[in-house]
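Novice: To start, I am sharing the structure in question, which I have written as structure tokens.
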Amino acid sequence: MPEAALPLPVSSLPRSLGGTLLRGLEGKCPRCGGTHLFDGFVKPVERCRLCGQNWTLHAADDFPAYLAILITGHVMAPVIIALGLNTDLSLGAMMAIVGLMALVMLIGLLRPAKGAIIAFQWWMGMHGFAARPGRREAIPE
Ligand SMILES: [Zn+2]
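For the sequence shown, our numbering begins at 21 and goes up steadily by one.
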């Protein structure tokens with residue numbers, strides 16, 4: 021039988037989807053916000069060491085990468101156009117600048133995107149997560 025997450029005080033639980041997503045974006049446990057969500061770069065911890073929430077139940081799959089690519093593409097397109105219209109950079113210099121910027125953005129967005137997606141799935145009670153978290157699971161303060 022899987023170990024259940026520990027009940028939390030009402031003040032520790034996120035009050036809204038926005039608050040939950042913010043915790044995920046910051047790489048914090050979406051449920052308690054007290055500790056890290058990730059063990060490696062994009063590998064979530066098996067269980068939150070403070071609240072006991074099981075984070076292996078998520079199914080983010082490739083969606084964080086798709087989201088990071090989508091955001092990077094939408095930011096980079098105007099940058100590429102502006103560089104092309106306003107500078108006299110050689111093709112090689114332009115490719116180096118754009119390639120490096122895209123790589124930095126993609127790597128920088130991957131972890132926050134995965135955190136937000138895991139937080140979203142937890143809030144919505146998707147996949148292996150329990151039904152939508154709410155005050156009913158909280159202990160009175
Ligand atoms: Zn936690």
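A virtual CB, placed ideally from N, CA and C, is assigned to each residue, including glycine.
Would you check whether ligand 1 has a heavy atom nearer than 6 angstroms to the C-beta of LEU70?
Specialist: At least one heavy atom of ligand 1 is nearer than 6 angstroms to the Cβ of LEU70, so yes.
Novice: Mind reading off the beta-carbon distance from TRP75 to PRO84? Whole number of angstroms is fine, and I expect it under 8 angstroms.
Specialist: Contact flag wrong, Cβ pair sits at about 14 angstroms.
Novice: Please confirm if the stretch 118-132 is in contact with the stretch 79-93, defined as three or more CB-CB distances below 8 angstroms between the two stretches.
Specialist: Yes: at least three Cβ pairs fall under 8 angstroms.
Novice: Considering just the uninterrupted stretch of the alpha helix (DSSP H) at MET125, what are its terminal residues?
Specialist: Residues 111-144.
Novice: Got a sec? Which residues, its chain only, sit under 7 angstroms from LEU77 by beta carbon, not counting five neighbours each side?
Specialist: Within the same chain, LEU77 has close Cβ partners HIS147, GLY148 and PHE149.
Novice: Which class does PRO98 belong to by DSSP, given the choice of helix, strand or coil?
Specialist: In the structure shown, PRO98 sits in a helix (DSSP, three-state: H, G or I).
Novice: Taking all protein chains shown into account, do 16 or more other C-beta atoms lie within 10 angstroms of the C-beta of GLY38, making it buried, or fewer, making it exposed?
Specialist: Under this definition GLY38 is an exposed residue.
Novice: Give every residue of the same chain whose Cβ lies closer than 6 angstroms to the Cβ of ARG67, excluding the five residues on either side of it in the sequence, and list them in chain order.
Specialist: ASN74, listed in sequence order.
Novice: Would a check of beta-carbon distances place ALA139 closer than 7 angstroms to chain B?
Specialist: The chain labelled as chain B is not found in the depicted structure, where only one protein chain is given.
Novice: If we count the other Cβ atoms within 10 Å of its Cβ and call it buried at 16 or more, is ARG35 buried or exposed?
Specialist: Classification for ARG35: exposed.
Novice: Would you list the residues sitting across from PHE58 in a DSSP beta bridge?
Specialist: For PHE58, which the question treats as bridged, DSSP gives the partners PRO64.
Novice: What are the start and end residues of the alpha helix (DSSP H) that includes HIS44?
Specialist: Going by the sequence as given, residue 44 is Gly instead of His. GLY44 -> alpha helix (DSSP H) spans 37-45.
Novice: Take LEU45 and list the residues in its own chain whose beta-carbon comes closer than 6 angstroms to its own, dropping the five residues that flank it on each side.
Specialist: Once the five neighbours on either side are set aside, the close Cβ partners of LEU45 are PRO132, GLY135 and ALA136.
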